[in-house]
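A quick write-up on the structure given underneath.
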Amino acid sequence: MGLRLYNTLTRKTEEFKPRGDTVGIYTCGLTVQGPPHVGHIRSAITRDILIRWLEYSGYTVKSIENFTDIDDKIIEKQRKNKEDWRIIAHRHIEKYLRACDILNIKRATFYPWASQHMEEIIVLVKKLIDKSFAYEKKGDVYFRVRKFPNYGRLSKKSIDELISGARIAPAESKEDPLDFALWKAAKPDEPSWLSPWGKGRPGWHIECSAMSMHYLGESFDIHTGGEDLIFPHHENEIAQSVAATGKEYVRYWMHNGWVTLGGEKMAKSTGHYFLIEDVLKNYSPNVIRLYLLKTQYRNQIEFSKDRLDEAKAAYSRIKIYVEEFKELPEKIEPLMLGEFTEAMNDDLNTPKALGKIYDLVKKGHEKKSVEIAASIKHYLAVLGFREEVESSGELSYQLIDIILHIRNKLRNEKKYDLADEIRTDLENLGIKLADTKGVSLHRLEDK
RNA sequence: GGCGGUAUAGCCAAGUAGCUAAGGCGGCGGUCUGCAAAAUCGCUAUUCGCCGGUGCAAAUCCGGCUGCCGCCUCCA
Numbered sequence: 257m258g259l260r261l262y263n264t265l266t267r268k269t270e271e272f273k274p275r276g277d278t279v280g281i282y283t284c285g286l287t288v289q290g291p292p293h294v295g296h297i298r299s300a301i302t303r304d305i306l307i308r309w310l311e312y313s314g315y316t317v318k319s320i321e322n323f324t325d326i327d328d329k330i331i332e333k334q335r336k337n338k339e340d341w342r343i344i345a346h347r348h349i350e351k352y353l354r355a356c357d358i359l360n361i362k363r364a365t366f367y368p369w370a371s372q373h374m375e376e377i378i379v380l381v382k383k384l385i386d387k388s389f390a391y392e393k394k395g396d397v398y399f400r401v402r403k404f405p406n407y408g409r410l411s412k413k414s415i416d417e418l419i420s421g422a423r424i425a426p427a428e429s430k431e432d433p434l435d436f437a438l439w440k441a442a443k444p445d446e447p448s449w450l451s452p453w454g455k456g457r458p459g460w461h462i463e464c465s466a467m468s469m470h471y472l473g474e475s476f477d478i479h480t481g482g483e484d485l486i487f488p489h490h491e492n493e494i495a496q497s498v499a500a501t502g503k504e505y506v507r508y509w510m511h512n513g514w515v516t517l518g519g520e521k522m523a524k525s526t527g528h529y530f531l532i533e534d535v536l537k538n539y540s541p542n543v544i545r546l547y548l549l550k551t552q553y554r555n556q557i558e559f560s561k562d563r564l565d566e567a568k569a570a571y572s573r574i575k576i577y578v579e580e581f582k583e584l585p586e587k588i589e590p591l592m593l594g595e596f597t598e599a600m601n602d603d604l605n606t607p608k609a610l611g612k613i614y615d616l617v618k619k620g621h622e623k624k625s626v627e628i629a630a631s632i633k634h635y636l637a638v639l640g641f642r643e644e645v646e647s648s649g650e651l652s653y654q655l656i657d658i659i660l661h662i663r664n665k666l667r668n669e670k671k672y673d674l675a676d677e678i679r680t681d682l683e684n685l686g687i688k689l690a691d692t693k694g695v696s697l698h699r700l701e702d703k
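Taken in order, the first sequence gives residues 257 to 703; the numbers are from my numbering.
Here is the structure:
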C-alpha cells in the first residue's frame with residue numbers, strides 16, 4: 257500500500273492520490289510580527305518530512321510557504337516600536353529561514369509574501385464581489401458567509417453554533433456578524449495599497465487563497481499548517497477560494513498538533529513560548545529533529561528540558577553506532593526497507609519508523625555490519641537528519657550572527673569593499689547573502 | 001455552552017480485534033575498565049483512565065462516565 261494521510265476534511269486516513277505529475281503543497285507559514293518559536297518549527301518539520309517522504313517515494317513536489325507580512329498585529333507593532341513594518345517582517349522572516357536552514361528543513365519552492373501579491377489579492381476580492389459572495393461597505397469588503405453552502409465543513413462547525421459562540425462585537429458595517437473581512441479600509445498612518453474600494457489592505461485569510469492559487473493553480477493537492485488554523489483561517493480560505501472558482505480547492509488538509517508548555521499550547525499571543533534561536537543555543541539540530549519526530553505529527557508534544565535531554569541521549573546511541581564506521585557505501589539496498597516504508601506510509605508515523613532504526617542499531621551490535629550501518633545512515637538522511645557537523649549548529653548560528661552584524665556596520669559606514677569581500681568569502685563557504693536595507697538574508701547551500 | 005482531540009510501564013511513545021503489548025529515556029544487575037565515564041548485554045506493563053455491553057477472541061468495536069488539551073477571538 258502506498259502513502260495514506262489523515263485528512264482533516266473527512267477526519268479519516270485516506271490513500272494519497274495526487275492530481276497530476278507534480279504534487280502541489282501549500283503551507284500556511286508565519287504571520288511575521290514575532291520571532292519563530294518551537295511551535296512554528298514543528299509545523300516546518302512536519303512539512304519537511306512530508307516533502308522528503310513524497311520525494312523519496314518518487315513524486316515531484318512543488319511547495320509554497322507564505323509569509324503574512326501585513327496584518328493587524330504587525331501594524332500594532334509598528335506603532336508601538338516606531339519601527340517600519342517592513343523591517344519588522346524582514347527581521348522575523350530572516351530568523352525563521354535561518355533556523356530552518358540550520359535545522360536542515362528543506363526550502364520550499366517559493367516563499368511568497370502577502371505584501372508582494374496585492375494585485376492577485378485585489379483581483380480575487382473583485383471576483384468575489386462580482387459573484388456577489390462579497391460586498392463593500394465604507395471601504396471595507398466582507399465575505400458573505402451565509403451565501404457559501406458548505407461553510408463549516410472543515411472545522412465541523414455549523415453556522416448556528418458560531419452565532420451562539422460569537423464572543424466579539426461585530427463590526428457595524430457587516431451585514432451579518434459571521435461575515436469576515438477580505439479587505440480593510442486604511443486608518444490614518446496605516447500602511448495601505450490602492451484598490452477599487454479606496455486605500456486599504458487585505459484581511460487575514462485572503463492572502464493565502466490568492467497566493468496558493470497563483471502558484472499552484474485553482475485546485476491543488478495538500479495544504480498544511482498548525483491545528484489552530486483550522487478555524488477560522490482554513491475554513492475561510494476554502495470558502496473564498498471555492499466561491500471564486502467554483503472548483504475543489506484542496507484535496508488533503510493536514511494539520512499538526514501543538515507544542516505545549518506545562519500542558520498548555522505554546523503561542524506567541526500569550527507570551528507562552530520558547531524561541532527556536534534560544535533552543536538552538538543548547539541543542540543540536542539533529543537532537544531537536546529527533547525530539548519532534550519521536551511523536552507523530554498530529555499529537556501534541558510537551559516542550560521541556562527533560563524531553564530534549566532524552567532526545568539527546570537517544571540520538572547519541574544511533575550516532576555512536578554509525579560513527580564506528582569510517583567509510584560507508586552511499587548506494588545501498590537498505591535493510592528493513594519494507595517495514596520502514598510501511599511506517600512512513602501510515603500517515604508519516606515517524607515514531608514507528610524510528611523504532612525500526614533502533615531495531616537496526618540493536619542488530620548491528622549483535623553483528624558488526626556495513627550493510628546495517630549504511631542502512632541506518634540512509635534512513636537518517638530520509639528523515640532529514642544532518643550529516644553531522646554535530647553541535648556546530650548553535651555555534652555557526654551565533655557566528656553568522658556576529659559576522660552579519662559587523663558586516664552591516666561596515667555597510668552603514670559605506671565600507672563596501674570590505675563588506676563585499678566578506679560576502680564573497682561567505683559565498684565560498686556556501687553561505688549566500690541577499691542584502692536589503694538594514695538586514696541581510698542568508699541561506700546555507702548544501703555542501 | 002457547542003464542537004473536536006486525547007487517556008498504554010517511573011517518564012515519553014507505537015500499536016485500532018487474534019503470535020510473547022514496538023521503540024526510546026530512566027532505573028537495576030552483568031561485561032569492559034587502574035578508577036570514573038562512555039559503550040555494550042540482560043531485566044524492567046498478565047496489562048492498556050473507569051463502568052457496562054457485543055464477539056470464540058478487545059488496548060483495539062459499541063454505550064455511559066471521568067480526567068486532560070484545544071477550537072469557537074489573534075495563533076504553527
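Note that the Cβ used here is the ideal one computed from N, Cα and C, for glycine as well.
| Check | Outcome |
| --- | --- |
| Roughly how many angstroms lie between the CA atoms of I574 and Y505, to the nearest whole one? | 42 Å |
| Where does Y529 fall in DSSP's three states? | coil |
| Going along the chain, which unbroken runs of the alpha helix (DSSP H) with 4 or more residues stay wholly within the region 343-397? | 374-386 |
| Report yes or no: do three or more beta-carbon pairs, one from the region 362-369 and one from the region 428-444, lie closer than 8 Å? | no |
| Please classify Q442: does DSSP put it in a helix, a strand, or coil? | In the sequence as displayed, the identity of residue 442 is Ala instead of Gln. Here A442 sits in coil by DSSP. |
| Among the residues of its own chain, which have a CB less than 7 Å from the CB of H634, if the five just before and after it don't count? | I588 and P590 |
| Three Cβ pairs or more, each shorter than 8 Å: is that satisfied between the region 477-486 and the region 511-519? | yes |
| With a Cβ-Cβ cutoff of 9 Å, do C284 and H470 count as a contact? | no |
| Alpha carbons only, please: which of N555, P585, F581 and K623 is nearest the one belonging to P607? | N555 |
| Name the DSSP beta bridge partners of V506, please? | F476 |
| For E627 and A609, what's the separation of their Cα atoms in angstroms? | 18 Å |
| Compute the beta-carbon to beta-carbon distance between A466 and L384, rounded to the nearest angstrom, for a pair I have assumed lies under 8 Å. | Between L384 and A466 the Cβ distance is about 11 Å, and since that is not below 8 Å, they are no contact. |
| Please classify K612 as buried or exposed, where buried requires at least 16 neighbouring CB atoms within 10 angstroms. | buried |
| State the Cα-Cα distance for the pair T316 and K336, rounded to the nearest angstrom. | 44 Å |
| Quick check on V397: buried or exposed, where buried means 16 or more other Cβ atoms within 10 Å of its Cβ? | buried |
| Please tell me whether E378 and P452 are closer than 9 Å, where the distance is taken between their beta carbons. | Note that residue 378 corresponds to Ile in the displayed sequence, not to Glu. Taking 9 Å as the Cβ cut-off, I378 and P452 qualify as a contacting pair. |
| Quick one: any contact between the region 545-553 and the region 591-599, if contact means 3 or more CB pairs under 8 Å? | no |
| Three or more C-beta pairs closer than 8 Å, one from the region 614-632 and one from the region 533-544: is that the case here? | no |
| Secondary structure at R267, three-state DSSP: helix, strand or coil? | coil |
| Using 10 angstroms around the beta-carbon of M522, count the other beta-carbons present and answer buried if the total reaches 16, otherwise exposed. | buried |
| Ends of the beta strand (DSSP E) at G280? | T278 to T283 |
| Assuming the contact rule is C-beta atoms closer than 8 Å, R402 and L380 should be a hit. Round their C-beta distance to whole Å, please. | Actually they do not touch by this definition, with Cβ atoms about 20 Å apart. |
| Looking at C-alpha atoms only, which residue of I349, N601, Y367 and W309 is the closest neighbour of S468? | Y367 |
| Figure out for me which residue from K670, E669 and L660 has the closest Cα to the Cα of I678. | L660 |
| For the beta strand (DSSP E) holding I320, just list the boundary residues, first then last. | T316 to E321 |
| Name the two residues that bound the continuous beta strand (DSSP E) containing L517. | V515 to L517 |
| Can you tell me whether DSSP reads R400 as helix, strand or coil? | coil |
| Could you compute how far the alpha carbon of V310 sits from the alpha carbon of K387? | Checking the sequence, you will find Leu at residue 310 rather than Val. Looking at the two C-alpha atoms, the distance is approximately 37 Å. |
| With 16 other CB atoms within 10 Å as the buried threshold, where does K351 fall? | buried |
| Using the Cα positions of W460 and H621, report the straight-line distance between them to the nearest angstrom. | 54 Å |
| Given a threshold of 16 other Cβ atoms within 10 Å of its Cβ, counted over all protein chains shown, does R457 qualify as buried or as exposed? | buried |
| Measuring only the C-alpha atoms, how far is S572 from V294? | 22 Å |
| Should I349 and D325 be called a contact, given that it needs their Cβ atoms to be closer than 9 Å? | yes |
| Measuring straight from C-alpha to C-alpha, what distance separates Y391 and V638? | 49 Å |
| List the DSSP bridge partners of T324. | T287 |
| The beta strand (DSSP E) spanning P458 covers which residue range? | G456 to P458 |
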